[in-house]
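Everything on this sheet refers to the single structure shown next.
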Amino acid sequence: MNAAAARQPTETELKAHRRRAAFRQSIAEKAAALNEKMEAAPKAVAAQVDPPVAEVLSPDFPPLQLSPMKKPWFKIEGVTAPAPLRVSQIQEVVCAAYGVNMNDMTSARRTAKLVLPRQVAMYLAKVMTGRSLPEIGRRFGGRDHTTVLHAVRKIEAIVDFNADPELCELLNALRADIEARRGE
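In the working numbering, the protein residues as written are 65 to 248.
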């Protein structure tokens, strides 16, 4: 007989084995409970919504996989989903308000005439679209995400402390104008 085959496990090894078995059992029980909840979820949601919408939520119907950047926008019983904002729309509105052109907005120039409009546009792009800082930076001539972060923080500080009431009013007007152009 081989000595390794005849060796008995130690008490510590037995405890570890029991803990692993209990852990596996716990995971299996939680997975089964989660599976039951997942199967019951469509029925619970359907019970809380109007009958026409409940028909759309049936388990036989595949879930909608729409990208937030793509159309067509759909209607459900007269409700239309709003079109997402594009960074270019925000840039156009800010350019018009400050009297600069789009090429200047995305250029590498850092003149005083361009810095504030660019920072305002970056701030509005972050706040209104929720896009990532690197993506916004790419839309502004390939700028680094830290440049966008600086712009957002600078304009937020002005807004939070109402340091420049004229700029705050302009921001509110720009937001309203951008929302009015949503979907164009």
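We put the CB at the ideal spot given by N, CA and C, even for glycine.
Here the structure is a predicted model, which means the values were calculated and not measured.
Beta carbon of residue i nearer than 7 Å to that of residue j
| i | j | result |
| --- | --- | --- |
| residue 215 | residue 186 | yes |
| residue 222 | residue 189 | no |
| residue 149 | residue 246 | yes |
Anticipated Cβ contact below 8 Å, residue i with residue j, distance rounded
| i | j | result |
| --- | --- | --- |
| residue 178 | residue 168 | 5 Å |
| residue 184 | residue 219 | 6 Å |
| residue 193 | residue 157 | Not really, about 13 Å apart at Cβ, beyond 8 Å. |
Cut-off 6 Å between Cβ atoms - residues of its own chain near residue i, not counting five sequence neighbours on either side
| i | result |
| --- | --- |
| residue 212 | 186, 197, 200 and 201 |
| residue 104 | none |
| residue 217 | none |
Own chain partners of residue i with C-beta closer than 7 Å, once the 5 adjacent residues on each side are dropped
| i | result |
| --- | --- |
| residue 134 | Because the pLDDT at residue 134 is just 44, under 50, the model does not fix this residue reliably, and the point stays unresolved. |
| residue 85 | none |
| residue 98 | none |
Open item on the list: Within 8 Å, do at least three Cβ pairs link the segment 234-243 to the segment 198-206?
Closed with: Judged by Cβ distances under 8 Å, the segment 198-206 makes no contact with the segment 234-243, as fewer than three pairs qualify.
- [ ] Pick out the complete alpha helix (DSSP H) segments inside the segment 144-211, 4 residues or longer, and give them in chain order.
- [x] 151-162, 166-170, 176-193 and 197-203
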